[in-house]
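Peer 1: Following the numbering used here, the numbering of the sequence shown begins with 60 at its first residue and continues without gaps.
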Amino acid sequence: MPDGKYAYLSNDIDKATGTPIPVRYRNYLKADGSINWPNYNGFSLDVKGRPIMTPAFLKTGDLLDRYGESGGTFTSPIVDRKVIPFNKRGLPYPEDYQNYHQYKVLKDINMENVEKGYHNLSDSRKKELNLLMNRFDFSLVDIATPQKGMIDLVFGSGGGIQIKLGTSVSWYEKLGLIKEIK
60 MPDGKYAYLS
70 NDIDKATGTP
80 IPVRYRNYLK
90 ADGSINWPNY
100 NGFSLDVKGR
110 PIMTPAFLKT
120 GDLLDRYGES
130 GGTFTSPIVD
140 RKVIPFNKRG
150 LPYPEDYQNY
160 HQYKVLKDIN
170 MENVEKGYHN
180 LSDSRKKELN
190 LLMNRFDFSL
200 VDIATPQKGM
210 IDLVFGSGGG
220 IQIKLGTSVS
230 WYEKLGLIKE
240 IK
């Protein structure tokens, strides 16, 4: 690593680069070498072991950020210009492994705006999104209702807030709901 930190290579492959994904510690890996992702998408759990999530209610002008390309579904809110530190996000990677991105919500994320965005897609994009919804079992309702909650202690960190989008960041961009600003 350029900053002198050590990393272990997992057996998981980065879709963007085709190379193994590094993790900070060997104990973040399963016996087969794949990343040992937490249950329930890393949300904190209640006393019955259920993830504690609430609707995110993303509004026009809200700011979000994430480490990693736009193919992912996890973001964090930026509130009062305060970015959630990397060590509060529950990520297994070295901090400099993935690029940092910020996004601005262009339209309230609700069913009406998701449906408008869907209807404005080209036929080929609609077909592509429909195939993804069938393959990964999500719907326009899921896209319209992102979930927010505290990040559990995973990968040696946590305690920040995460928002689980109903599909990838890139589809929210294609639907005209958000745009990258940094």
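Note that beta-carbon positions come from the ideal geometry of N, C-alpha and C, so glycine has one too.
Taking its Cβ as the centre, do 16 or more other Cβ atoms sit within 10 Å of aspartate 211, making it buried, or is it exposed?
Peer 2: Classification for aspartate 211: buried.
Peer 1: Quick one, which of Asn169, Asp105, Gln221 has its alpha-carbon nearest leucine 150's?
Peer 2: Ranking Asn169, Asp105, Gln221 by Cα distance to leucine 150 puts Gln221 first.
Peer 1: List the DSSP bridge partners of arginine 148.
Peer 2: None; arginine 148 has no bridge partner.
Peer 1: Could you please give the first and the last residue of the uninterrupted alpha helix (DSSP H) stretch that includes aspartate 189?
Peer 2: The residue asked about is misnamed: residue 189 is asparagine in this sequence, not aspartate. Note, asparagine 189: alpha helix (DSSP H), 182-195.
Peer 1: Across which residues does DSSP place methionine 209 in a beta bridge pair?
Peer 2: BP columns for methionine 209 point to Ile220.
Peer 1: Could you check whether serine 103 and leucine 88 sit closer than 8 Å to each other, using their CB atoms as the reference points?
Peer 2: Contact: no.
Peer 1: Apart from the five residues just before and just after isoleucine 143, which ones in its own chain have a Cβ nearer than 6 Å to its Cβ?
Peer 2: Contacts found: Ser135, Gly219.
Peer 1: Tell me where the alpha helix (DSSP H) around tyrosine 177 begins and ends.
Peer 2: Unbroken alpha helix (DSSP H) run through tyrosine 177: 170-178.
Peer 1: Three-state secondary structure (DSSP) at tyrosine 162?
Peer 2: In this structure, tyrosine 162 counts as strand in the three-state DSSP scheme.
Peer 1: Would you please verify whether the beta carbon of leucine 123 is less than 8 Å from any beta carbon of chain D?
Peer 2: Protein chain content of the structure displayed is limited to a single chain, and chain D is not contained in it.
Peer 1: Can you tell me which residues form a DSSP beta bridge with leucine 88?
Peer 2: Leucine 88 pairs with Ile94.
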